[in-house]
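Using our numbering, the letters of the sequence shown correspond one by one to residues 15 to 314. Backbone N, C-alpha and C define an ideal beta-carbon position, used for all residues, glycine too.
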Amino acid sequence: MTDILVVGAGPAGLTAALYACRAGKRVLVLEKETFGGQITHSPKVENYPGIAVMSGTQFADRLLEQTLAQGADVEMETVTAVRRQGDGFAVETEGETYSAKAVILATGSHHRQLGLPKEDELVGEGVSYCAVCDGAFYQGKRVAVIGGGNTALQEAVLLSETCAHVTLVQNLPVFTGEEKLLEILRGRDNVSFITNTVVRELLGEDALEGIVLDTDGSTSTLTVDGIFVAIGQVPENEPFRALVPLNEYGYFDVDEQCVTGEAGVFVAGDCRSKTVRQITTATADGAAAAIAACRYIDAL
Ligand SMILES: Cc1cc2nc3c(=O)[nH]c(=O)nc-3n(C[C@H](O)[C@H](O)[C@H](O)COP(=O)(O)OP(=O)(O)OC[C@H]3O[C@@H](n4cnc5c(N)ncnc54)[C@H](O)[C@@H]3O)c2cc1C
């Protein structure tokens, strides 16, 4: 039986494994897709303290190497369910069942995409899902924010401080985010609003040059250097719903202690309810969850 089984090898899961190994625990990390998680999609990370600039893949590689050096076992497997088994847990994958004394769920989330051709290829070349991450690359440039809820409005507020122009593009007749944010945006000369409109096409081959908009059936072109897609995030928590309840948005509703109501189950990173989803907050959660899990095991 392993001491701690970590589901997900993103920044949160790998950091949890690193801390737990250093506390002398046997740790197994199971990852379904990419060691390193979402950050591997980022060509340039400039906001991780202590490292001025690196690619997301460089960050992921270094963290994986560091975690393996501390003695963690890491396997490529999709976890399909976790259930209580005696004092511990049975963790099921498509081909195996593992036993663990404690489980850390660090399953992350992903940004909902527009689902348009070339969207994946243009990530980092004009298509972004995070103004905090990438806004600095668009200083003095023209951008569009796609979406109309609170996240989209917050992204637009942030971007309007440094970009030449920000256009908000919303598919509904009204913006559904807070009135206070809308007021701030209405007061800025470099912000404009488009409603009842969807993005039909991304223009540009190697870098985004503009977008084709569809407003009630009539099309137009908006020339922009970048778009920030803010139409929601999708957590990866469904397989664990029976173990730990999810909130109405599908996240684990725990605070920065990372402790759930189910003894021996901890959560870390983007998969929990929080306001800032970044590497810094994910790694902080990983450390907190690991320390809580180690204490739990020591008290067994
Ligand atoms: C394009 C892009 C650019 C970004 N840029 C920045 C930036 O510049 N700075 C910054 O701080 N943040 C940035 N972020 C955000 C940052 O990547 C995330 O906040 C961070 O990766 C969250 O870490 P996590 O470990 O919680 O989740 P994730 O990174 O999502 O990792 C979770 C992992 O769990 C795995 N998983 C899920 N379900 C299962 C399962 N059932 N079984 C096994 N494995 C499973 C997933 O495959 C994934 O690898 C960016 C994100 C994107 C998408």
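What is the DSSP secondary structure of residue i, counted as helix, strand or coil?
{"i": "Asp75", "result": "helix"}
{"i": "Tyr62", "result": "strand"}
{"i": "Asp203", "result": "coil"}
{"i": "Ile245", "result": "coil"}
{"i": "Ser234", "result": "strand"}
{"i": "Val137", "result": "strand"}
{"i": "Gly283", "result": "helix"}
{"i": "Leu172", "result": "helix"}
{"i": "Val93", "result": "strand"}
{"i": "Ala190", "result": "At residue 190 the sequence reads Thr, which differs from the Ala that was named. The answer is coil: DSSP assigns Thr190 none of H, G, I, E or B."}
{"i": "Ala114", "result": "strand"}
{"i": "Gln80", "result": "helix"}
{"i": "Gly240", "result": "strand"}
{"i": "Thr107", "result": "strand"}
{"i": "Gly51", "result": "helix"}
{"i": "Glu215", "result": "strand"}
{"i": "Glu262", "result": "coil"}
{"i": "Gly224", "result": "strand"}
{"i": "Glu270", "result": "coil"}
{"i": "Thr295", "result": "helix"}
{"i": "Asp312", "result": "helix"}
{"i": "Gly22", "result": "coil"}
{"i": "Glu252", "result": "helix"}
{"i": "Glu45", "result": "strand"}
{"i": "Arg98", "result": "strand"}
Could you tell me which of the options sits nearest to residue i, measuring between CA atoms?
{"i": "Glu89", "options": "Gly70, Glu197, Gly24 and Cys144", "result": "Gly24"}
{"i": "Glu250", "options": "Thr211, Tyr263, Ile241 and Ala244", "result": "Tyr263"}
{"i": "Asn210", "options": "Leu227, Thr233 and Asn185", "result": "Asn185"}
{"i": "Lys288", "options": "Lys155, Cys272 and Gly163", "result": "Cys272"}
{"i": "Asp220", "options": "Leu136, Ala66, Ile18 and Tyr112", "result": "Leu136"}
{"i": "Thr294", "options": "Gly38, Val59 and Gly218", "result": "Val59"}
{"i": "Thr81", "options": "Leu182, Ser69, Val213 and Val20", "result": "Val20"}
{"i": "Gln52", "options": "Ser174, Ser69 and Leu173", "result": "Ser69"}
{"i": "Thr165", "options": "Ala306, Ile311, Gly246 and Cys35", "result": "Gly246"}
{"i": "Leu195", "options": "Val43, His125, Gly162 and Arg255", "result": "Gly162"}
{"i": "Thr237", "options": "Ala301, Asp230 and Leu222", "result": "Leu222"}
{"i": "Arg76", "options": "Arg97, Leu28, Leu42 and Glu47", "result": "Leu28"}
{"i": "Ile208", "options": "Gly38, Asp134, Gly100 and Phe189", "result": "Phe189"}
{"i": "Val183", "options": "Val258, Ser234, Ala116 and Arg98", "result": "Ser234"}
{"i": "Thr3", "options": "Leu42, Arg126 and Gly149", "result": "Since the displayed the chain opens at 15 and closes at 314, residue 3 lies outside it and no answer follows."}
Consider the C-beta atom of residue i and the heavy atoms of ligand 1; say whether any pair is separated by less than 6 angstroms.
{"i": "Ile53", "result": "yes"}
{"i": "Ser287", "result": "no"}
{"i": "Glu250", "result": "yes"}
{"i": "Glu45", "result": "yes"}
{"i": "Gly140", "result": "no"}
{"i": "Gly129", "result": "no"}
{"i": "Asp101", "result": "no"}
{"i": "Ile293", "result": "yes"}
{"i": "Ser56", "result": "yes"}
{"i": "Glu283", "result": "The sequence shown places Gly at residue 283, rather than the Glu named in the question. It does: the Cβ of Gly283 is within 6 angstroms (strictly closer) of some heavy atom of ligand 1."}
{"i": "Thr48", "result": "yes"}
{"i": "Pro25", "result": "yes"}
{"i": "Ala150", "result": "no"}
{"i": "Val159", "result": "no"}
{"i": "Ala120", "result": "yes"}
{"i": "Asn164", "result": "no"}
{"i": "Val20", "result": "no"}
{"i": "Val59", "result": "yes"}
Can at least three beta-carbon pairs, one atom from the segment 120–129 and one from the segment 240–260, be found at a separation below 8 angstroms?
yes
With contact counted as at least three CB pairs below 8 angstroms, one residue from each stretch, are the segment 276–288 and the segment 195–206 in contact?
no
Specify whether the segment 71–86 and the segment 25–39 touch according to this definition: at least 3 beta carbon pairs, one from each stretch, less than 8 angstroms apart.
yes
Check whether the segment 89–102 touches the segment 39–56, counting contact only when three or more Cβ pairs, one atom from each stretch, lie closer than 8 angstroms.
yes
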